[in-house]
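Mapping of the sequence shown onto our numbering: residues 149 to 291, in sequence order.
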Amino acid sequence: MEFLPAVFAQAEELARIEARQPFAAGWGEDGFAGELKQPCAVIWAARDGQKTVGFICARYAADEAEILNAAVDPAFTRRGVATALMAQLLAALAARGVKRITLEVHAQNFPAQAWYRRAGFAVLGRRKQFYGSADALLMGKML
Ligand SMILES: CC(C)(COP(=O)(O)OP(=O)(O)OC[C@H]1O[C@@H](n2cnc3c(N)ncnc32)[C@H](O)[C@@H]1OP(=O)(O)O)[C@@H](O)C(=O)NCCC(=O)NCCS
149 MEFLPAVFAQ
159 AEELARIEAR
169 QPFAAGWGED
179 GFAGELKQPC
189 AVIWAARDGQ
199 KTVGFICARY
209 AADEAEILNA
219 AVDPAFTRRG
229 VATALMAQLL
239 AALAARGVKR
249 ITLEVHAQNF
259 PAQAWYRRAG
269 FAVLGRRKQF
279 YGSADALLMG
289 KML
């Protein structure tokens, strides 16, 4: 398994993984293509041979960053892929001077909450009806 910054040519593959994971953000191929051009975006992808199997996306400004989207291909979950992607992302953000990182996660998305907790994130608050009728938890971590 390889972990590398994502490139524009991976937009379709990233969208395909995202479409297989209901809790991912739902950007679609155009959304990834746009995000991959953003200078403030940091996007890492996991590759198994030629196949992209997971990604994590954040944006940063000054010393703050927000995780906006992440998913692992269902055929590759529970193998540490998301853990390794998070480690790469946090190192890349720290190298850019980021000190504080936040994210919103669906209040019923227990696997992602467990992953974020294991990566050192703590719950900072709750955003009522952030996802339609469902709440979001605001989580954060200092780097
Ligand atoms: C959340 C997600 C990214 C985790 O990916 P993954 O590669 O399977 O995660 P890892 O194997 O690195 O697991 C890290 C930890 O997360 C937690 N975790 C992952 N999947 C879990 C599950 N199904 N149930 C409970 N805890 C889970 C565990 O604590 C796990 O550590 P462990 O395996 O040592 O117990 C993946 O399940 C996914 O794509 N979910 C849908 C999209 C999503 O929720 N994105 C985040 C919000 S935008």
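Each residue gets a CB set at the ideal place from its N, CA and C atoms; glycine is no exception.
Taking 8 Å as the cut-off, does the region 249-257 touch the region 226-235 (at least 3 CB pairs, one atom from each stretch)?
no
Quick check: does the Cβ of residue 227 come within less than 7 Å of any heavy atom belonging to ligand 1?
Reading the sequence shown from its first residue, position 79 is the one you call residue 227. Yes - ligand 1 has a heavy atom lying nearer than 7 Å to the Cβ of residue 227.
DSSP on residue 175, reduced to helix/strand/coil?
Locating residue 175 in the sequence shown gives position 27, where the first residue counts as 1. Residue 175 falls in the coil class under three-state DSSP.
Between the C-alpha atoms of residue 178 and residue 257, what's the straight-line distance to the nearest angstrom?
In the sequence shown, residue 178 corresponds to position 30, counting from 1. In the sequence shown, residue 257 corresponds to position 109, counting from 1. Their Cα atoms are separated by approximately 25 Å.
Integer-rounded CB distance, given that residue 213 should sit under 8 Å from residue 241
Here residue 241 is taken as the residue at index 93 of the sequence shown, counted from 1. Here residue 213 is taken as the residue at index 65 of the sequence shown, counted from 1. Right, their Cβ atoms sit about 5 Å apart.
Whose C-alpha, out of 199, 206 and 283, is nearest the C-alpha of residue 150?
On the sequence shown, residue 150 is found 2 positions in, with the first residue counted as 1. Measuring from the Cα of residue 150, the nearest candidate turns out to be 199.
Using a Cβ-Cβ cut-off of 8 Å, state whether residue 264 counts as contacting chain C.
Of the chains in the structure shown, none is chain C; there is only one protein chain.
What's the gap between the Cα of residue 298 and the Cα of residue 204?
The shown model of the chain, from 149 to 291, leaves out residue 298, and the question about it has no answer.
Note down the Cα distance separating residue 167 from residue 238, rounded to an integer number of angstroms.
Start at 1 with the first residue of the sequence shown, and residue 167 comes out as number 19. Start at 1 with the first residue of the sequence shown, and residue 238 comes out as number 90. The straight-line gap from Cα to Cα measures roughly 25 Å.
With H, G and I counted as helix, E and B as strand and the rest as coil, what does DSSP make of residue 200?
Position 52 of the sequence shown, counted from the start, is the residue given in the question as residue 200. Reduced to three states, the DSSP call for residue 200 is strand.
Per DSSP, cross-strand counterpart(s) of residue 280
As a working mapping, residue 280 is identified with position 132 in the sequence shown. None; residue 280 has no bridge partner.
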